[in-house]
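Note that the sequence shown covers residues 205 to 774 in this note's numbering.
All C-beta atoms in this analysis are idealised placements derived from N, C-alpha and C, irrespective of residue type, glycine included.
Computed from a predicted structure; not experimentally measured.
Scroll down for the structure; my scribbles are underneath it.
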Amino acid sequence: MSGEQASNKRVLWFCLFTAIAILASFSSRAFTTWGAMTPTGSGIGGDGLKVSEASEPFFLKVTSATGPAARAGILAGDQIDVHSSQRLVMGSSPRNTFEHVTVIRSGRALQITIAPEVPVLNWNELARYLADAWILVFSTLIAWRGKRWPGSTPLALILSVGALTDALIRSVWPSWQITLVAHALGGLPWTFALLAAFFAEFGHPLSKARLLWTRIAYATCMLSGLAIVAHFLAYVLIWVPMNVQTQEFQIFELAITSPALPTIICGILAAQAAGASEGQRIGWVTASYGFYWAAWILAGQAGPLVGGEDATWVWRTLNVTHIFVPLGLTYAALQRRLFDVGFIINRAAVFTVVSTIVIGSFVLLEWALGKWFEDVSHATSIMLNAALALMLGLSMRLLHHRVDGFVDSVFFRKRNENERALRRFAREVSLMTDRTVMLERTKTVILEHSEISAVDITMIEALDLNDAAVLAMRTWHEPAELARYRTSIVGEYAFPLEVHGNLSGALVCGQKRNEEAYAPDEIDAIKELSHGVGLALWTLDSAGNRNNELANIYCELRAIRGMLSSPKSA
């Protein structure tokens, strides 16, 4: 496995881990008692409490109490000891637990228990999780089936890191200590720093302006990280309330968002310095993140100023604007055809048909049992369902193969015909006896049966054996995605022409006319064809060598016969 393939595999494993984290975060927010998706109350959460700073540094003043807090007997004007309530300070608590708080009322300390309330999902939280899931799907597609270009793997990593940090922050954790660590890790400016490094990889050498703004971005990332660490240390050591919207909170929000502007400027400069194709990709990445970051900065400054329900709506609007990140990136991906769209449609169609058959089989069985076998026992019904499940499980592979073939024949007939034509010629080419005709015919067949714009065959004599792409083909005996290497070969893919591990040349294919990524089956078909061409070249060279050897032997025999038949000298 090459280094790039290993890197993609690690990113895919990271995407899987992020998917689990997002699912766990959503479950904790949606199905835990004090998750943020509760309709009652505002400000900190669904316990019905609204609080503000009190005159004492370790207390919060209750401005209003509704829902669970009101039923527990908490009144407006009460003061709550922040030491006693994880929920008030961190905004999280375990599922179905009672919140025990210390309330100061008229100089008396009262121990009050707030009973839990069943949560209800709300639209703005769902929009935020939908955006994270969408971003994760996008990053997975880039790492798995994306069109290869120098920034594809780093971009997939950046997107998945952003989704993971969001999941860490938005999860409901079982203790305040774990919550602190998760919020600190999730709040660190990983995405800013990775994007600044990502933008610096394009348009070399870096101009002085780009170098300056990249350093500014790194410096503000460090400032943001220090602000987050200081904020959490202040809570742990000094017991400063974390979620109260004060002037200090505004300064903290401004500090943690400080890398946004220099990172956006780095993206704009990188888009201008890069080539046309790469510049458009970088521009869409910058614009998609820039819109959300602008809303984030405005919300962080406007929320504490407006206060009350208006502040709640400011933060809800921010959650919704997060969806513009995957929306913009998806539009760019479809416009620039970064994915093999046909492959995605194929997999979606196959999954839909197979799922429909499986679910429909169980529905049909239940209907038949209720319609024709009304007297069947519960145990018999379970046995029949188990037998159906076993039968479907054993035949799933065959079912999937049949459905896959059907979908291909209906929706992708031309694509399959082209693939079959390439594989058929891969067998025919090994029998050709004219080297020049064979090479020209190979180019013609590939151009006729694919969307590839240009095909060239370069023999080993014209290749630099120390070229990165050539070295990769000689080492791994696999097609080389040329965008991954610093190579002098111009094109999209280079397929090795080899037999028995000996490289005799390279079949170089350019970009596709429709600008789509190469499909996996298309790569396999051309790889098989290149192997056939390599075998044919080896056969012709071997035949030529044998013919030369036979000619030499024939000449030597003629010379010997001439010597034997000549009269002896006196």
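Over the uninterrupted beta strand (DSSP E) stretch that includes Y697, give me the two end residues. Bounds of the beta strand (DSSP E) holding Y697 are Y697 to V703.
Could you please give the first and the last residue of the uninterrupted beta strand (DSSP E) stretch that includes T317? R312 to I318
Identify which residue in N718, G709, S769 and P724 has its Cα closest to the Cα of G736. Check the Cα spacing between G736 and each of N718, G709, S769 and P724: the tightest is with G709.
Coarse secondary structure for V694, derived from DSSP in three states: It is coil, neither helix nor strand.
Measure the beta-carbon distance from C219 to S343 and round it to whole angstroms, keeping in mind my assumption that it falls under 8 Å. About 6 Å; that satisfies the 8 Å criterion.
Simplified DSSP assignment, three categories, for M636: coil
In the DSSP output, what is C759 paired with across the bridge? DSSP output for C759 lists no bridge partner at all.
Find out if the Cβ-Cβ distance for the pair A687, V649 is shorter than 8 Å. no
What do you get for E260, buried or exposed, if any count of 16 or more other CB atoms within 10 angstroms of its CB means buried? exposed
Is the segment 472-481 touching the segment 405-424, taking contact as three or more C-beta pairs under 8 Å? yes
Have a look at S297 and A225 and give me their C-alpha separation to the nearest angstrom. At S297 the pLDDT is 47, less than 50, meaning the model places this residue with poor confidence and gives no usable figure here.
Per DSSP, what are the beta-bridge partners of V659 in this structure? C713
With a 10 Å radius around its C-beta and 16 neighbouring C-beta atoms as the bar for buried, classify D638 as buried or exposed. exposed
Just to confirm the assignment, what range does the beta strand (DSSP E) spanning R309 have? E303 to R309
By the three-class DSSP mapping on this structure, what secondary structure does V607 have? helix
Straight-line CA distance for T461 to A280? 34 Å
Cβ of G252 within 8 Å of Cβ of A228? no
Proximity winner among C425, A400, M426 and G429, relative to L415 (alpha-carbon distances): L415 has its Cα closest to that of A400, out of C425, A400, M426 and G429.
Rounded to whole angstroms, what is the Cα-Cα separation between A591 and L598? 11 Å
Residues of its chain near I432, where Cβ-Cβ distance is below 7 Å and the 5 sequence neighbours each way are ignored: A388, G391, L392 and I460
Quick check: V529 and I730, are their CB atoms within less than 8 Å of each other? Not closer than 8 Å, so no.
Look up S375 in the DSSP assignment and say whether it is helix, strand or coil. coil
By DSSP's criteria, E685 is part of a beta bridge. Which residues make up the other side? Y697
Quickly, what does DSSP pair K265 with across the bridge? List them, please. S256 and Q283
Does the Cβ-Cβ distance between Q283 and I308 come in under 8 Å? By the CB criterion at 8 Å, Q283 and I308 fall inside the cutoff.
From the DSSP output, in three-state form, read off N328 for me. Helix, per DSSP.
Rounded to the nearest angstrom, what separates D660 and G429 at their Cα positions? Taking C-alpha positions only, D660 is separated from G429 by approximately 51 Å.
Leaving aside the five residues before and after A630 along the sequence, list all residues of the same chain whose C-beta is less than 6 Å from its C-beta, in chain order. E732, L733 and G736
Report the option in S654, H704 and L330 whose CA atom is closest to the CA atom of A740. H704
Per-residue burial, P724 [other beta carbons within 10 Å of its own, 16 or more giving buried]: exposed
Residues in the same chain with beta-carbon distance under 6 Å from A371, minus the five sequence neighbours each way, listed in chain order, please. Only A225, I226 and S229 meet the Cβ criterion.
Which residues in the same chain as T222 place their Cβ atom closer than 6 Å to its Cβ, once the five residues preceding and following it in sequence are excluded? L340, S364, A367 and L368
So if DSSP puts N706 in a beta bridge, which residue, or which two residues, is it bridged to? V703
Can N212 and A434 be called in contact, C-beta distance under 8 Å? The Cβ atoms of N212 and A434 lie no closer than 8 Å to each other.
On a CA-only basis, which of S565, A360 and H304 is nearest W217? Give me that one, please. A360
Give every residue of the same chain whose Cβ lies closer than 8 Å to the Cβ of Y422, excluding the five residues on either side of it in the sequence, and list them in chain order. A397 and A400
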